[in-house]
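Undergrad: Mind having a look at this structure? Questions to follow.
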Amino acid sequence: MLECCQKIQFDHGIRRILVVEDDLINREILSLMLRDTYDILIAETGKQALELLESDYGTLSLVLLDLNLPDMKGVDILGRIKGNALTARLPVIVMTADQNAEVECLTLGATDFISKPYPKQEIVLARIRRTIEQFEDRDIIRWTERDQLTGLYNREFFYRYAAQHDEHHPEEPTDAIVLDINHFHMVNERYGKEFGDRVLRLVAEKLRAKVSDSDGIVCRKEDDTFLIYCLHRSDYGQILDGVCMQMETDYQIRARMGVYPDVDRGIDMERRFDRAKQAADAVKNSYSQTVGFYDNAMHEKELYLEQLLEDFHTAIREKQFTVFYQPKFDVRPDEPVLCSTEALARWRHPKLGLISPGVFIPLFEKNGLIRELDSFVWREAVAQIRTWEERLGRLIPVSVNVSRIDLNDPPLLKILEKTVDEAGIGRESILLEITESAYTDNAEQIINVVKSLRESGFFIEMDDFGTGFSSLNMITTLPIDALKLDIQFIRTAFRDRKDTRLLETVIRLAQSLGLSTIAEGVETEEQMLTLKALGCDVVQGYYFSKPLPADEFEAFAREKCRWPGN
Ligand code: C2E
Ligand code: MG
Ligand code: MG
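Those letters in the sequence shown? Residues 210 to 775, per our numbering, in order.
Given below as structure tokens:
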């Protein structure tokens, strides 16, 4: 708190006024008039006024501003108040003996005047009360449309104002832009939330200032994502450079931008920004390119994915989805033995041909449709277990993939239990593959769900191990039975300069925790033999077989596999 700032009275029910006045006598008179009704902060200079505005703007209801200050002109302070998104909402009453200053002050946004020498106390109080009341009525509306941290529009109001922007500029090409700060969660973690908030306010302020010349509006969509809607321009690289500041710590703000130029006004606002977001995501992992533009290829892809979404329900109804099976071999015995198989979804689209899950799974995860597809795959898998049991005279356990989205679905356990119970097979015949990154999403809740699945008797494999960010410490406490090493693990270990030390360490770690290890994506005999020598239990990959349709898998199982005891 500044030394000169006397806090005369403070009470939450009482409105707080900032009095900016250098003259001692005038300050005393004003204090006497106001102090029974208001809480007063006093600044004697322009500099102190700006400091108080920065630190206390959220608690202020009004500024009483003298125009003649020793260090700054009152009109400059007024300009600063009105030019900053955070303080622009504050009403300012100017106190002056100079009638000529009134027009300039009104133009700059002053709400009212009090002449000097001051009129009677009742008049001063009445003017202040009326101004504050008007401001608070407006403020109720305004706070709901503004993000409290940055003073920018919030998303909902932003879309409305963007639509108004279209009305004001019916013919002019307009751009939708998304800006994301890189690794922002690290900023909060490393430097604290207050610093993070300051970064967000700075970025907000810079963006607002930069696009105001093309009639741009800015919003903070969530966390560290900003949206901009402005008349078409071509200097986005410069705007981004302006935002990427070096802070006083060693932290340098870095961000990426996606631009959807000359938007199609036939599609809704949200979709325009989805396109900008796609463009931003396209440069996510690029060091050299930080501004991405929505282009034709993205448009084609969007149409393709839209078609897939549209066709989903027909596809389920018409059984266009089928399940392929890829064998897993236990490599511990002298000769590898088929021990289970993984169910992998395929879509035989009547027009688009065979579609890989790499394309449709992420899409369905975004839209929640994955639940329906996964339930379908699980039902198919358990039915297949029964069929093979009858035809091959042997039970082949099947592992199914459980998406992170399924894990957020409360009835998951019931659905899975019902699926296996109705087919009359034991829980141990179904292995659940849950990708490693699911555990980091919402760790505690996910862990509880997985625990309940395991307690119910399902066998849990952590899929794609090595792609998420689980700490070794976390692995020791997770409710899992097996680690399934991601294909990249194998690829990295068997590159030109073979280096299997990491593989070895992970396999040892798993062993020490009583977990079995499964290697996926094994393509050569050398890889298989090395993994076996390192103590890996199960191997899956093209070396043994690609994923096969059910009937081909059955033939494969009959032909190539020697059952133990056969
Ligand atoms: P995943 O569960 O990690 O499955 C392994 C993927 O690696 C499969 O791709 C498989 O075909 C492929 N693969 C297996 N061996 C080799 C090999 O030796 N070399 C190479 N290059 N690739 C190999 P696929 O079938 O395209 O599946 C991709 C991903 O889609 C799966 O990864 C899984 O995450 C997801 N997925 C597939 N089916 C389903 C499903 O029914 N439900 C859910 N939720 N996800 C599924
Ligand atoms: Mg899998
Ligand atoms: Mg995998």
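For glycine and all other residues, C-beta sits at the position ideal for the given N, C-alpha and C.
Do residue 276 and residue 303 have their CB atoms nearer than 9 Å?
TA: Cβ atoms of residue 276 and residue 303: closer than 9 Å.
Undergrad: Grab me the residues of residue 778's own chain with a C-beta within less than 8 Å of its C-beta, minus the 5 sequence neighbours each way, in chain order.
TA: In the structure displayed, the chain extends from 210 to 775; residue 778 sits before or after that span and is not available.
Undergrad: Alpha carbon to alpha carbon, how far is residue 377 from residue 269? Give it in angstroms, no decimals.
TA: The straight-line gap separating the alpha-carbon atoms of residue 269 and residue 377 is approximately 34 Å.
Undergrad: Which class does residue 558 belong to by DSSP, given the choice of helix, strand or coil?
TA: In this structure, residue 558 counts as strand in the three-state DSSP scheme.
Undergrad: CB of residue 533 to nearest heavy atom of ligand 1: below 8 Å?
TA: At least one heavy atom of ligand 1 is nearer than 8 Å to the Cβ of residue 533, so yes.
Undergrad: Going by other Cβ atoms of all chains shown within 10 Å of its Cβ, with 16 needed for buried, is residue 634 buried or exposed?
TA: buried
Undergrad: Using DSSP with H/G/I as helix, E/B as strand and the rest coil, what is residue 686?
TA: helix
Undergrad: Taking C-alpha atoms, which residue in 625, 457, 494 and 600 lies nearest to residue 400?
TA: 457
Undergrad: Excluding the 5 residues preceding and the 5 following residue 699 in the sequence, name in chain order all residues of the same chain whose CB lies nearer than 7 Å to its CB.
TA: 728, 730, 731 and 736
Undergrad: Could you give the C-beta distance for residue 537 and residue 749, rounded to a whole number, given that I count them as a contact under 8 Å?
TA: 4 Å
Undergrad: Report the start-end ranges of each beta strand (DSSP E) in the segment 662–731 that is 3 residues or longer and not cut off at the edges.
TA: 668–674, 691–694 and 725–728
Undergrad: Is it the case that the CB of residue 610 approaches a heavy atom of ligand 5 more closely than 8 Å?
TA: Ligands displayed in this structure: ligand 1, ligand 2 and ligand 3; ligand 5 is not among them.
Undergrad: Does ligand 2 have a heavy atom nearer than 8 Å to the CB of residue 574?
TA: no
Undergrad: Evaluate the contact criterion for the segment 580–598 versus the segment 552–564: three or more CB pairs, one atom per stretch, below 8 Å.
TA: yes
Undergrad: Check whether the Cβ atoms of residue 428 and residue 362 sit closer than 9 Å, and answer yes or no.
TA: yes
Undergrad: Does the separation of the CB atoms of residue 756 and residue 533 fall below 9 Å?
TA: yes
Undergrad: Enumerate in chain order the residues of its own chain whose CB-to-CB distance from residue 521 is below 7 Å, with the five nearest sequence positions on each side excluded.
TA: 578
Undergrad: Taking 7 Å as the limit between beta carbons, can you name the residues of its chain near residue 246, skipping five residues before and five after?
TA: 334
Undergrad: So does the segment 649–659 actually touch the segment 692–709, counting three or more Cβ pairs closer than 8 Å?
TA: no
Undergrad: Should residue 783 be labelled buried (16 or more other beta-carbon atoms within 10 Å of its own) or exposed?
TA: The question about residue 783 has no answer, for the chain in this structure spans 210 to 775.
Undergrad: Residue 690 to residue 696, Cα distance in whole Å?
TA: 19 Å
Undergrad: Decide if the segment 249–261 is in contact with the segment 282–299; the criterion is three or more beta carbon pairs, one per stretch, under 8 Å apart.
TA: A contact exists between the segment 249–261 and the segment 282–299.
Undergrad: Using the Cβ count rule (16 or more neighbours within 10 Å means buried), how would you classify residue 721?
TA: exposed
Undergrad: Could you give the first and the last residue of the continuous alpha helix (DSSP H) run that contains residue 363?
TA: Taken as a continuous stretch (DSSP letters only), residue 363 belongs to no alpha helix (DSSP H), as it is neither H nor E.
Undergrad: Kindly confirm or deny that the segment 656–671 and the segment 620–629 touch, where touching means at least three C-beta pairs closer than 8 Å.
TA: The segment 656–671 is in contact with the segment 620–629.
Undergrad: Taking one C-beta from the segment 504–511 and one from the segment 482–489 each time, how about it: are there three or more such pairs within less than 8 Å?
TA: yes
Undergrad: Tell me, which residues are paired with residue 501 by DSSP?
TA: 467
Undergrad: Less than 9 Å between the beta carbons of residue 322 and residue 305, yes or no?
TA: Judged by their CB atoms, residue 322 and residue 305 are nearer to each other than the 9 Å cut-off.
Undergrad: Would you tell me roughly how many angstroms separate the C-alpha atoms of residue 212 and residue 251, rounded to the nearest one?
TA: Note that residue 212 scores 29 on pLDDT, short of 50, meaning its location in the model is unreliable and no value can be drawn from it.
Undergrad: Between residue 357 and residue 481, what straight-line distance do the alpha-carbon atoms span, to the nearest angstrom?
TA: Rounded to whole angstroms, residue 357 to residue 481 spans 25 Å at the Cα level.
Undergrad: Answer yes or no: do residue 608 and residue 639 have a C-beta to C-beta separation smaller than 9 Å?
TA: In contact: residue 608 and residue 639 (Cβ atoms closer than 9 Å).
Undergrad: With a threshold of 8 Å on Cβ separation, who are the neighbours of residue 479 within its own chain once the five nearest residues in sequence on each side are excluded?
TA: 368
Undergrad: List, from N- to C-terminal side, the alpha helix (DSSP H) runs of 4 residues or more that fit wholly inside the segment 246–296.
TA: For the segment 246–296, whole alpha helix (DSSP H) runs of length 4 or above, ordered along the chain, are 255–265 and 283–292.
Undergrad: Could you check whether the Cβ of residue 537 sits closer than 8 Å to any heavy atom belonging to ligand 2?
TA: no
Undergrad: Rounded to whole angstroms, what is the Cα-Cα separation between residue 496 and residue 285?
TA: Straight-line Cα distance between these residues: approximately 42 Å.
Undergrad: Under the rule that 16 or more other beta-carbon atoms within 10 Å means buried, what is residue 610, buried or exposed?
TA: buried
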